[in-house]
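Only one structure is covered here, and it is reproduced in the block below.
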Amino acid sequence: MITLIAAAAENNALGKDNQLVWHLPNDFKRFKALTTGHYIVMGRKTFESFPKPLPQRTHVIITRQADYTYEGCLVVHSLEEALTVCPKDQVTYIIGGAEIYHQAMRWADTIELTRVHATFEADAFFPEIPEEEWELIATESHPADDKHAVSYTYCTYRRK
Numbered sequence: 001m002i003t004l005i006a007a008a009a010e011n012n013a014l015g016k017d018n019q020l021v022w023h024l025p026n027d028f029k030r031f032k033a034l035t036t037g038h039y040i041v042m043g044r045k046t047f048e049s050f051p052k053p054l055p056q057r058t059h060v061i062i063t064r065q066a067d068y069t070y071e072g073c074l075v076v077h078s079l080e081e082a083l084t085v086c087p088k089d090q091v092t093y094i095i096g097g098a099e100i101y102h103q104a105m106r107w108a109d110t111i112e113l114t115r116v117h118a119t120f121e122a123d124a125f126f127p128e129i130p131e132e133e134w135e136l137i138a139t140e141s142h143p144a145d146d147k148h149a150v151s152y153t154y155c156t157y158r159r160k
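Going by full-length UniProt numbering, the residue at position 155 of the sequence shown is 155; the numbering climbs one at a time, nothing skipped.
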C-alpha cells in the first residue's frame with residue numbers, strides 16, 4: 001500500500017525555499033507516529049532539508065545525481081525504482097517533495113493530508129485531489145492554540 005503524507009495549506013502550498021512555512025508540533029508527532037517503522041520515499045531536496053535521517057525509518061532517496069550516496073539510506077533514480085525496493089506487504093509513505101507527490105498520485109492508495117487553514121506564499125505545491133478518484137473517509141479538526149498559530153484538519157482519503 002502506498003500512502004502520500006503531507007501538510008498543505010488551503011492553496012496547496014507545501015513550502016518555500018525547501019522549508020515548511022508553518023510550525024505545527026502536533027502534525028510532526030502524527031507524522032512520526034504514522035511513519036515510524038516504515039519505508040519513507042522522498043526526493044533528494046526533501047531529504048537534505050532534514051538535519052539528519054529520521055530515526056526508525058528506512059529512507060529511500062530519489063535523485064537524478066548518478067553518484068549520490070548517503071550512508072544508511074537507499075538511493076534510487078526514479079519513483080518507479082523507489083517503489084521496487086520497498087516491501088509490498090506494508091505501507092510505504094511518500095513524504096515529498098512536490099514533484100514526487102505529483103508523480104506518486106497515480107500509485108497511491110491513501111492520502112494522509114494535514115490541511116492547514118491558511119494560505120501561504122510558496123514555491124512547492126501539493127497536487128489537487130480529484131473528487132472523482134478519491135473519497136474523504138476521516139477528518140479530525142484542531143483549532144489554533146498557543147503552540148499552533150493556525151487551525152488545521154487531519155484528512156484521510158482513500159482511492160475510490
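Each residue gets a CB set at the ideal place from its N, CA and C atoms; glycine is no exception. These numbers were taken from a predicted model, which means no experiment stands behind them.
{"Item": "Check whether Pro127 and Tyr101 have beta carbons under 8 angstroms apart", "Value": "yes"}
{"Item": "Contact belief for Ala124 with Ala98 at Cβ below 8 angstroms, rounded distance in angstroms", "Value": "4 angstroms"}
{"Item": "Simplified DSSP assignment, three categories, for Ile111", "Value": "strand"}
{"Item": "Endpoints, beta strand (DSSP E) assigned at His142", "Value": "134 to 142"}
{"Item": "Burial state of Phe28 (16 or more Cβ within 10 Å)", "Value": "exposed"}
{"Item": "Cβ-based neighbour list, Pro53, same chain, cut-off 7 angstroms, excluding 5 preceding and 5 following", "Value": "His59, Gly72, Cys73"}
{"Item": "Which listed residue (Glu80, Glu140, Ile129) has its alpha carbon closest to that of Met42", "Value": "Glu80"}
{"Item": "Delimiting residues of the alpha helix (DSSP H) encompassing Arg30", "Value": "25 to 35"}
{"Item": "Asp109 vs Arg159 beta-carbon contact at 8 angstroms", "Value": "yes"}
{"Item": "6 angstroms Cβ shell around Phe120 - same chain, five flanking residues per side excluded", "Value": "Ala9, Ala13, Val21"}
{"Item": "Spatial distance of Met105 from Lys32 (CA atoms)", "Value": "22 angstroms"}
{"Item": "Residue 188 to Tyr157 span [Cα, whole Å]", "Value": "No information on residue 188 is available, as it lies outside the stretch 1 to 160 that the chain covers here."}
{"Item": "Delimiting residues of the beta strand (DSSP E) encompassing Val85", "Value": "No beta strand (DSSP E) contains Val85, which is instead part of the alpha helix (DSSP H) from 79 to 85."}
{"Item": "C-alpha gap between Gly37 and Asp17, whole angstroms", "Value": "29 angstroms"}
{"Item": "Separation of Val91 from Thr3, as counted between CA atoms", "Value": "7 angstroms"}
{"Item": "Neighbourhood of Tyr93 by C-beta distance below 6 angstroms, restricted to the same chain and skipping five residues each side", "Value": "Thr3, Ile5, Thr35, His38, Ile40"}
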